[in-house]
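*Asks:* Sharing a structure, written as structure tokens. Questions coming.
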Amino acid sequence: MIDLRSDTVTRPTSGMRAAMAAAEVGDDVFGDDPTVNRLQAVAAERFGFESGLFFPTGTQSNLAALMAHCGRGDEFLVGQEAHTYKYEQGGAAVLGSIQPQPLEHEEHGGISIERIGAAIKSDDYHFARTRLLTLENTIGGRVLPMDYLREVTQFAHARGLATHLDGARIFNVVTKLKIDEPTAVAGFDSVSVCLSKGLGAPAGSILMGPRPLIADARRWRKALGGGMRQAGVLAAAGLYALDNNVQRLAEDHANAQYLAAGLQDAGLKVSTPQTNVVYVEVAAAQVSELRAHLKARGILATIAPRTRLMTHMDLPRAKVDVALEAFREYARWAH
Ligand SMILES: Cc1ncc(COP(=O)(O)O)c(C=O)c1O
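Counting along the sequence shown from 1, when you hit position 145 you're at 199 in my numbering, and nothing is skipped either side.
Rendered as structure tokens:
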């Protein structure tokens, strides 16, 4: 299959599987898993944080972070399109008793400082207490501008808010901007990073932050059902991914550029990709026909009026070419 639905569809490579098989393990609820402990330490050091905590998923890592930052009746500011607001079933509200205050995005994917300032509630017992600003980078494949990040995190702190970054795809930022990890997450009090997206691990995210916050998150992780036992087999995949699969993200970005250029040449309306995400417009009336056309050629894609296509390590250039040819055929009968 040629799978363009997401960068989460990758299968562990033989090298990663060998690392998993060889992992030393222990009961991580007791803190006894040496491989989990190593991954947490390696990640925290790499990003410049005091402490790290391994989670099965990014959803749980973000939720535990929100619950560690905010108490019952507190509020977090978040983008309308952010994963932590729109794509996690409202977990912060449902499970954390935390009120989201969703805000419109700017073109670059962030939220304007004016909008954030206006949304911070005053100290009045009619209001929830605004405690936290949460941003996402990359968001919809876009890389937030570094100047914006510096200003917005300074502003949030000056107004007494903590800052959390959903950095599920932060390594795409690191790769795109050719910066180091601490620079990419500067200004954030906590960051959640996914190993199971472009990095190709089968599962796992790491939350990083100051020691007391991570200690709280560890409590919430247990309450949320994320206390895993011999999780070193998964952590080994994460360590392998950090060592071997970061550099190669540049290939995914180049493939996204190549895909976008080919789609555009075929006469389709496409976004200019910044990282590994390409958006292509599909007429509503042609959505089901295009889906079937691609499926018949062994191509999986989530076809919608704004179709998101993602490149990843299981999508070498030859497969991109096959997908492009199928889209070219579509473009010929669509026009
Ligand atoms: C930006 C972002 N944050 C968080 C998540 C959640 O990760 P998980 O699927 O591991 O729960 C995803 C998943 O796709 C994501 O794209």
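Where a beta carbon is used, it is the ideal one built from N, C-alpha and C, also for glycine.
I'd like the list of long-range same chain contacts for ALA173, defined as Cβ closer than 8 Å, with 5 residues on each side in sequence excluded.
*Replies:* LEU131, GLN155, LEU157, THR184
*Asks:* For THR217 and LEU253, I'd like the C-alpha separation in whole angstroms.
*Replies:* If you take the alpha carbons of THR217 and LEU253, they lie about 25 Å apart.
*Asks:* What runs of the alpha helix (DSSP H), each 4 residues or longer, lie entirely inside the segment 104 to 128?
*Replies:* As far as the segment 104 to 128 is concerned, its whole alpha helix (DSSP H) runs of at least 4 residues are 112 to 123.
*Asks:* So, at 6 Å on beta carbons, what are the nonlocal neighbours of ALA118 in its own chain, with the 5 sequence-adjacent residues on each side left out?
*Replies:* ALA271, TRP274, ARG275
*Asks:* At a cut-off of 7 Å, is ASN226 close to ligand 1 when judged by its beta-carbon and the heavy atoms of the ligand?
*Replies:* no
*Asks:* Determine whether the beta carbon atoms of ILE233 and VAL247 lie at a separation below 8 Å.
*Replies:* No, they are not a contact pair.
*Asks:* So, does the segment 317 to 334 touch the segment 282 to 299, judging by three or more C-beta pairs under 8 Å?
*Replies:* No: the two stretches stay apart, fewer than three of their Cβ pairs being nearer than 8 Å.
*Asks:* On the criterion of 16 or more Cβ atoms from any shown chain inside 10 Å, does TYR384 qualify as buried, or is it exposed?
*Replies:* buried
*Asks:* Closer than 7 Å: is that where the CB of ASP220 sits relative to any heavy atom of ligand 1?
*Replies:* yes
*Asks:* For LYS251 versus ALA285, is the C-beta spacing smaller than 8 Å?
*Replies:* Their beta carbons are not under 8 Å apart, which means LYS251 does not touch ALA285 by this criterion.
*Asks:* Please name the residue in THR188, VAL83, ALA122 whose C-alpha comes closest to that of GLN134.
*Replies:* THR188
*Asks:* Identify whether SER68 lies in helix, strand or coil by the three-state DSSP scheme.
*Replies:* helix
*Asks:* May I have a chain-ordered list of the alpha helix (DSSP H) segments no shorter than 4 residues that lie completely inside the segment 200 to 231?
*Replies:* 200 to 212, 224 to 231
*Asks:* Could you pull the DSSP bridge partners for MET364 from this structure?
*Replies:* VAL331
*Asks:* Considering only heavy atoms of ligand 3, does any lie closer than 7 Å to the CB of HIS162?
*Replies:* Among the ligands in the structure shown, ligand 3 does not appear; only ligand 1 can be found there.
*Asks:* Mapping DSSP to helix, strand and coil, what is PHE381?
*Replies:* helix
*Asks:* Which of the three DSSP states, helix, strand or coil, is assigned to GLY263?
*Replies:* strand
*Asks:* I'd like the list of long-range same chain contacts for ALA314, defined as Cβ closer than 6 Å, with 5 residues on each side in sequence excluded.
*Replies:* These residues qualify, in order along the chain: VAL324, PRO327, VAL332.
*Asks:* So what does DSSP say about ILE34, is it helix, strand or coil?
*Replies:* Lying before the first or after the last residue shown, residue 34 is absent from the chain, which here runs from 55 to 389.
*Asks:* Could you tell me the boundaries of the beta strand (DSSP E) in which SER393 lies?
*Replies:* Nothing about residue 393 can be read from this structure; the chain reaches only from 55 to 389.
*Asks:* Can you name, in chain order, every residue of its own chain whose Cβ lies under 7 Å from the Cβ of ARG169, other than the five neighbours on each side?
*Replies:* Here the set comprises LEU157, GLU158.
*Asks:* Label SER105 either buried or exposed according to how many other C-beta atoms from any shown protein chain fall within 10 Å of its C-beta, with 16 as the threshold for buried.
*Replies:* buried
*Asks:* Going by other Cβ atoms of all chains shown within 10 Å of its Cβ, with 16 needed for buried, is THR237 buried or exposed?
*Replies:* Exposed: under 16 other Cβ atoms inside 10 Å.
*Asks:* Would you please verify whether the beta carbon of ALA238 is less than 8 Å from any beta carbon of chain D?
*Replies:* This model lacks chain D altogether, as it is built from one protein chain only.
*Asks:* Out of curiosity, what's the CA-to-CA distance linking GLY150 and SER244?
*Replies:* 17 Å
*Asks:* My output table needs one value for PRO156: the three-state DSSP class, helix, strand or coil.
*Replies:* strand
*Asks:* Report back the beta-carbon spacing between LEU120 and LEU186 to the nearest angstrom; my notes put them in contact at under 8 Å.
*Replies:* 7 Å
*Asks:* Exposed or buried, GLY115, counting other C-beta atoms within 10 Å across all chains shown (16 or more means buried)?
*Replies:* Checking the sequence shown, residue 115 turns out to be Ser, not Gly. A residue is called buried once 16 or more other Cβ atoms fall within 10 Å of its Cβ, and SER115 is buried on that count.
*Asks:* Does ligand 1 have even one heavy atom less than 7 Å from the beta-carbon of GLY144?
*Replies:* no
*Asks:* Quick check: the Cα distance between ILE224 and GLU190, rounded to an integer number of angstroms?
*Replies:* 9 Å
*Asks:* Determine the extent of the alpha helix (DSSP H) in which LEU344 is found, giving its start and end residues.
*Replies:* 341 to 350
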